[in-house]
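**Student:**
In the working numbering, the protein residues as written are 2 to 214.
1. Pick from 65, 67, 86, 57: whose alpha carbon is nearest that of residue 78?
2. If we require 4 or more residues per run, which alpha helix (DSSP H) segments fall completely within the segment 110–157?
3. On the DSSP bridge assignment, give the partners of residue 195 in chain order.
4. Please determine, among 208, 107, 128, 197, the residue with the shortest C-alpha to C-alpha distance to residue 61.
5. Give every residue of the same chain whose Cβ lies closer than 6 Å to the Cβ of residue 184, excluding the five residues on either side of it in the sequence, and list them in chain order.
6. By how many angstroms is the C-alpha of residue 93 removed from the C-alpha of residue 223?
7. Just verifying my parser: in three-state terms, what is the DSSP assignment at residue 179?
8. For residue 208, which of helix, strand or coil comes out of DSSP?
9. Taking its Cβ as the centre, do 16 or more other Cβ atoms sit within 10 Å of residue 106, making it buried, or is it exposed?
10. Can you give me the Cβ contacts of residue 76 inside the same chain, cut-off strictly under 6 Å, excluding the 5 residues immediately before and after it?
11. Can you find at least 3 beta carbon pairs, one from the segment 174–189 and one from the segment 121–141, that sit closer than 8 Å?
12. Considering only the alpha carbon of each residue, which of 96, 193, 208, 195 lies closest to residue 158?
13. When you compare each of 104, 72, 135, 59 to residue 1 by their alpha carbons, which one comes out closest?
14. Checking the sheet assignment: what are the DSSP bridge partners for residue 74?
15. Is the CB-CB distance between residue 194 and residue 140 below 8 Å?
16. Between the Cα of residue 174 and the Cα atoms of 120, 85, 72, which residue gives the shortest distance?
17. Please look up how many angstroms separate the CB atoms of residue 91 and residue 73, rounded, as I've assumed it's under 8 Å.
18. By the 10 Å Cβ neighbour count, where 16 or more other Cβ atoms means buried, how is residue 165 classified, buried or exposed?
19. So is residue 210 buried or exposed if we call it buried at 16+ other beta carbons inside 10 Å?
20. If we ignore side chains and look at the alpha-carbon of each, how far apart do residue 201 and residue 68 end up?
21. Taking C-beta to C-beta, are residue 111 and residue 163 nearer than 8 Å?
22. How big is the Cα-Cα spacing for residue 81 and residue 104?
23. With hydrogens ignored, establish whether the beta-carbon of residue 98 is closer than 7 Å to any heavy atom of the ligand PLP.
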């Protein structure tokens, strides 16, 4: 490319008529120069169009990435969708994975989401314990605002899905003042607390008694 540029400058200095062959070579050089400028910018353009976003909880992913590869996380938080990519660990269910690709596949996702909502908002810890034992859950990822009725109301996935009736029941319990068992766990069960997220240790949950009223 440098030699071609020098040749063009030389021709300009000589101010001699160009032959057809020389004009063709100059055209090829111009195209190559244009490609060398445009091509490197293409990936950046696609990234901009995709509107990619980073994780809202990098420390959570760092913690999970340090756990065994078979670790399974249960969460209703949107951040759960990022766990497989950022931490390379599995999630029980997530909005991005609950698309109705196939009736049987969606039925499984629907059941998991329904059970997780019931477990997270039940006043009885038995529901969470049953899920841990059934699916082999290692951690629950919960947002600090998760036990506020507006948390569920603000999520389109919850309010426009086949399991919306279960969501509405959970909202009704919260509005009536019911405190979910997972909201009353001993601090010892918190494996990690950072920003607006808490990771609850499933083994610790299994050792806890349900709150007494």
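Beta carbons are placed, not taken as given, at the ideal position from N, Cα and C, and that holds for glycine.
**Tutor:** With the given structure in hand:
1. To locate residue 78, count along the chain shown from 1; it is residue 77. Nearest of 65, 67, 86, 57 to residue 78, Cα basis: 57.
2. 127–136, 150–154
3. Taking the chain shown and counting its residues from 1, one reaches residue 195 at position 194. The partner list for residue 195 (beta bridge, DSSP) reads 198.
4. Here residue 61 corresponds to residue number 60 of the chain shown, with the count starting at 1. Cα-wise, what sits closest to residue 61 is 197.
5. Locating residue 184 in the chain shown gives position 183, where the first residue counts as 1. Excluding sequence neighbours, residue 184 sits near 148.
6. Residue 223 lies beyond the residue range present for the chain, which begins at 2 and ends at 214; the question has no answer from this structure.
7. As a first step, residue 179 is located in the chain shown; it is residue number 178 there, counting from the start. Residue 179 falls in the coil class under three-state DSSP.
8. Locating residue 208 in the chain shown gives position 207, where the first residue counts as 1. The answer is helix: DSSP assigns residue 208 an H, G or I state.
9. Residue 106 sits at position 105 when you count from the first residue of the chain shown. Residue 106 comes out exposed.
10. The residue given as residue 76 occupies position 75 in the chain shown. Counting only Cβ-Cβ distances below 6 Å, and skipping sequence neighbours, we find 142.
11. yes
12. Along the chain shown, read from residue 1 onward, the residue named residue 158 stands at position 157. Nearest C-alpha to residue 158: 96.
13. Residue 1 is absent from the structure shown; the chain starts at 2 and stops at 214.
14. Stepping through the chain shown from its first residue, residue 74 is reached at position 73. For residue 74, which the question treats as bridged, DSSP gives the partners 92, 140.
15. By 1-based counting over the chain shown, the position of residue 194 is 193. By 1-based counting over the chain shown, the position of residue 140 is 139. It is not a contact, given that the beta carbons lie outside the stated cut-off.
16. Indexing the chain shown from 1 puts residue 174 at position 173. Closest by alpha carbon: 120.
17. Position 90 of the chain shown holds residue 91. Position 72 of the chain shown holds residue 73. So it is a contact: roughly 5 Å between Cβ atoms.
18. By 1-based counting over the chain shown, the position of residue 165 is 164. Exposed, since its Cβ has fewer than 16 Cβ neighbours within 10 Å.
19. By 1-based counting over the chain shown, the position of residue 210 is 209. So residue 210 ends up on the exposed side.
20. Within the chain shown, the letter at position 200 stands for residue 201. Within the chain shown, the letter at position 67 stands for residue 68. Their Cα atoms are separated by approximately 14 Å.
21. Stepping through the chain shown from its first residue, residue 111 is reached at position 110. Stepping through the chain shown from its first residue, residue 163 is reached at position 162. Yes, these two residues count as a Cβ contact at 8 Å.
22. Here residue 81 refers to the residue found at position 80 of the chain shown. Here residue 104 refers to the residue found at position 103 of the chain shown. Roughly 23 Å between the two C-alpha positions.
23. What this structure holds is no ligand at all, so the ligand PLP is not there to describe.
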